[in-house]
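Peer 1:
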Amino acid sequence: MSLITLTTDFGTKDHFVGAVKGAIYSELPDAKIVDITHHISPFSITETAYILKNTYKSFPKGTIHIIGVDSELSIENKHIALILDEHYFICPDNGLISMIASEVNPTRIFEINIHDRIESSFPVLDIFVKVATHIARGGSLSVIGKEIQSYKKTIEIQPKVNQAQTIISGGVIYIDNYGNVITNISKKIFNEIGKGRDFKITARRYTFDKILNKYNEIVNFDSNDIRQFDGNKLALFNSAGFIEIAIYRSNLKTVGGASSLLGLDYRDTVTVEFFNELKPEFTTLN
0 MSLITLTTDF GTKDHFVGAV KGAIYSELPD AKIVDITHHI SPFSITETAY ILKNTYKSFP
60 KGTIHIIGVD SELSIENKHI ALILDEHYFI CPDNGLISMI ASEVNPTRIF EINIHDRIES
120 SFPVLDIFVK VATHIARGGS LSVIGKEIQS YKKTIEIQPK VNQAQTIISG GVIYIDNYGN
180 VITNISKKIF NEIGKGRDFK ITARRYTFDK ILNKYNEIVN FDSNDIRQFD GNKLALFNSA
240 GFIEIAIYRS NLKTVGGASS LLGLDYRDTV TVEFFNELKP EFTTLN
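Sequential numbering of the sequence shown, starting at 0, is according to numbering that gives the first Met the number 0.
(1) Can at least three beta-carbon pairs, one atom from the stretch 203-212 and one from the stretch 260-276, be found at a separation below 8 Å?
(2) Report the rounded CA-to-CA distance for residue 274 versus residue 160, giving the unit in angstroms.
(3) Between which two residues does the alpha helix (DSSP H) carrying residue 74 extend?
(4) Which class does residue 284 belong to by DSSP, given the choice of helix, strand or coil?
(5) Which of helix, strand or coil does DSSP assign to residue 122?
(6) Would you kindly check if the distance between the Cβ of residue 68 and the Cβ of residue 39 is under 8 Å?
(7) Apart from the five residues just before and just after residue 193, which ones in its own chain have a Cβ nearer than 7 Å to its Cβ?
(8) Does the count of Cβ pairs from the stretch 180-191 and the stretch 229-247 closer than 8 Å reach three?
(9) What's the gap between the Cα of residue 12 and the Cα of residue 92?
(10) Pick helix, strand or coil for residue 11, following the three-state DSSP scheme.
(11) Tell whether a beta-carbon distance below 8 Å holds between residue 211 and residue 234.
(12) Checking the sheet assignment: what are the DSSP bridge partners for residue 159?
(13) Let me check understanding here. Comparing Cα to Cα, which of 8, 135 and 30 lies closest to residue 86?
Right, here's the structure in full:
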């Protein structure tokens, strides 16, 4: 049985997702289709990369991932199929793969060239499905295109470090269903640059000098009323290993989320500043 995942910005109101699934089943009646999400913000490759980077490894090797975000064919936005970490990805060559493949390089990459045989204004339905079902039947990638050695690179998901190794400059790459704000600053780079030093995280006018590992670490469970901690802001390393700014037990309909309450949005700057020894306000002059 073939396992095919779908990640798109189509939403679920219109017919697009249903049409893609119907086309897959027409080609492979025994296919297993898994929706990763169809609610990517329109054309957001950074959001797509974050979700897929933290999802695909949960699927078995050999899974085929169709990615329908910013997928219209153009000279600047070609279509590719590739093998990465023993998974297949079918997607536009718009920089998405360089974000997913920041730690693992693709094994083989092919530029899809079956467009001259299939005229389409809906490439996910007409092109990507054909490629996915071809792979699922055991077909070779060389049949659907020519092998290439490179793909479009983007460093948008990568934070910057200053020359003195004291400041990591990152930004917001994703806002989740709770309004929590995910940055592109990973625990790995935080530890590599920080080396245990004191630090200050700055996001707009808000600062944090502690990073939690769980949301409820902010709660004093000896308190008579633990509900008093609801709505408090915090920073933590989330399950994907990135610094996240959150509101404890946020509810977008009542308390609100970190994005709305702190005024943080996609691409807003978030920095981490490290101090060599003591924080400046505690140093003394001789």
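Even glycine gets a Cβ: it sits at the ideal position worked out from N, Cα and C.
Peer 2: So, from the listed chains and residues:
(1) The stretch 203-212 makes contact with the stretch 260-276: 3 or more CB pairs, one atom from each, lie closer than 8 Å.
(2) Per the coordinates, the alpha-carbon of residue 274 lies some 14 Å from the alpha-carbon of residue 160.
(3) Segment: none, residue 74 is in no alpha helix (DSSP H) and carries neither H nor E.
(4) Unreliable positioning characterises residue 284 in this predicted model, as indicated by a pLDDT of 38, which lies under 50. A coordinate reading is not provided.
(5) The answer is helix: DSSP assigns residue 122 an H, G or I state.
(6) Pairing residue 39 with residue 68 gives a Cβ-Cβ distance under 8 Å.
(7) So the list reads 273, once near-sequence residues are dropped.
(8) At 8 Å Cβ cutoff, the stretches touch.
(9) One C-alpha to the other measures close to 27 Å.
(10) If DSSP states are grouped into helix, strand and coil, residue 11 belongs with coil.
(11) Contact: yes.
(12) Partner(s): 168.
(13) Here the closest residue by C-alpha is 135.
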